[in-house]
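S.K.: In our numbering, the protein residues as written are 8 to 270. Idealized CB from N, CA, C, for every residue including glycine. Because the structure is a prediction, the values reported are computed rather than measured.
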């Protein structure tokens with residue numbers, strides 16, 4: 008196993024929250040583990056990643072998200088990974104941890120490029136919390152707020168699975184998150200429960216080397232939720248030695264730029 012490679016990058020990050028349940032990151036290629044547990048251990052290095060997003064800077068109680076992830080190959084065709092995140096928006100907070108395990112099968116074996124197929128499974132634990140003290144109402148002793156204060160937060164378990172095929176030139180993956188669609192309502196026993204929506208991902212990319220110093224890499228991500236929402240992300244990156252520059256587009260939503268350096 009090679010030494011850990013530290014990625015230093017400067018990027019403009021756009022994140023959108025769907026139904027205030029899960030976040031989506033524009034630079035999806037940096038953290039494939041967060042959308043597919045089969046990615047764990049597919050690289051010879053040990054990727055360590057920290058994401059920090061502050062939305063609407065200067066506005067009090069604006070949404071903010073922090074994410075840490077790490078994964079590596081443990082030997083005997085096995086990989087392990089962990090993702091920890093904290094997502095805060097006003098009085099609501101969603102904190103969670105996902106622990107992934109993956110099994111790798113070698114499909115081709117040659118001197119220049121080996122192709123692997125990986126199967127992954129992750130156990131997820133989310134804590135949903137609502138800080139009722141941050142709410143202000145025009146009437147005292149609000150029954151709903153009193154109930155929130157009494158309930159506090161809620162721990163919700165779930166499971167995700169995926170398959171991933173990759174080599175040094177290309178990658179493709181399919182995954183499904185929140186398979187159990189566990190209930191997330193802090194109000195237990197309500198007649199109208201609010202469950203985590205199941206999310207399906209399809210991911211693919213190809214790196215084409217133009218010369219010893221230059222390369223281009225198009226990639227795409229399709230995201231579909233069980234509530235019927237579909238979005239696609241498309242990214243094109245250009246490499247020069249250890250530097251890269253890219254632009255991405257999300258359907259009917261946003262564009263973003265990325266600038267990176269591998270040390």
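(1) Does DSSP put residue 46 in a helix, in a strand, or in coil?
(2) For residue 259, collect the residues of the same chain with a Cβ closer than 6 Å to its Cβ; drop the 5 residues on either side in sequence, then sort them by chain order.
(3) Suppose you measure from the CA of residue 128 to the CA of residue 261; what does that come to, to the nearest Å?
(4) Would you mind stating whether residue 99 and residue 137 have Cβ atoms separated by less than 8 Å?
(5) Could you name the residues of the same chain whose beta carbon sits closer than 6 Å to that of residue 73, not counting the 5 residues immediately before and after it, in chain order?
(6) Excluding the five sequence neighbours on either side, which residues of its own chain have a C-beta within less than 7 Å of the C-beta of residue 132, listed in chain order?
(7) Can you tell which of 95, 220 and 238 has the C-alpha that lies nearest to the C-alpha of residue 250?
(8) Quick check on DSSP: helix, strand or coil for residue 39?
(9) Rounding to the nearest angstrom, what Cα-Cα distance links residue 79 and residue 177 in this structure?
(10) Quick check on this structure: which residue in 207, 232, 231 and 227 has the alpha carbon closest to the alpha carbon of residue 255?
(11) Give the straight-line distance between the Cα atoms of residue 91 and residue 75, rounded to the nearest whole angstrom.
(12) Taking only the alpha-carbon atoms, compute the straight-line gap between residue 126 and residue 77 and give it to the nearest angstrom.
(13) Out of curiosity, what's the CA-to-CA distance linking residue 235 and residue 172?
(14) Can you look up residue 141 in the DSSP assignment and give me helix, strand or coil?
(15) Quick one: what's residue 182 bridged to in DSSP?
(16) Under three-state DSSP, which class holds residue 120?
(17) Take the Cβ of residue 35 as the centre, count every other Cβ of all protein chains shown within 10 Å, and call the residue buried at 16 or more, exposed below.
(18) Count the other CB atoms, across all protein chains shown, that sit within 10 Å of the CB of residue 270; report buried if there are 16 or more and exposed otherwise.
(19) With distances taken Cα to Cα, identify the nearest neighbour of residue 81 among 62, 70 and 52.
(20) Please report the straight-line C-alpha distance between residue 84 and residue 170, rounded to a whole angstrom.
(21) Just reading off the beta strand (DSSP E) that residue 224 is part of, what are its end residues?
(22) The beta strand (DSSP E) spanning residue 102 covers which residue range?
(23) May I have the straight-line CA-CA distance separating residue 181 from residue 147, to the nearest angstrom?
(24) Which of the three DSSP states, helix, strand or coil, is assigned to residue 77?
(25) Expressed to the nearest angstrom, what Euclidean distance is found between the alpha-carbon atoms of residue 124 and residue 114?
(26) Measure the alpha-carbon distance for residue 25 versus residue 223 and round it to whole angstroms.
(27) Do you know offhand how far residue 268's Cα is from residue 245's?
(28) Measuring only the C-alpha atoms, how far is residue 202 from residue 183?
M.R.: Working from what's here:
(1) helix
(2) none
(3) 31 Å
(4) yes
(5) 59 and 93
(6) 103, 104, 162 and 164
(7) 220
(8) Residue 39 falls in the helix class under three-state DSSP.
(9) Put simply, the backbone Cα of residue 79 is about 19 Å away from that of residue 177.
(10) Ranking 207, 232, 231 and 227 by Cα distance to residue 255 puts 227 first.
(11) Whole-angstrom Cα-Cα distance: 5 Å.
(12) 18 Å
(13) 27 Å
(14) helix
(15) 169 and 208
(16) When secondary structure is reduced to three states using DSSP, residue 120 falls in the coil class, being assigned neither helix nor strand.
(17) Buried, by the Cβ-count rule.
(18) Exposed is the call here.
(19) 52
(20) 14 Å
(21) Residues 221–232.
(22) Judged by DSSP secondary structure, residue 102 falls within the beta strand (DSSP E) whose first and last residues are 99–115.
(23) 50 Å
(24) If DSSP states are grouped into helix, strand and coil, residue 77 belongs with the strands.
(25) 7 Å
(26) Any reading at residue 25 needs caution, since the residue's pLDDT is 38, under 50, leaving its predicted position unreliable; the model's value is listed next. Between residue 25 and residue 223, the alpha-carbon positions lie close to 31 Å from each other.
(27) 12 Å
(28) In this structure, the alpha-carbon of residue 202 lies about 15 Å from that of residue 183.
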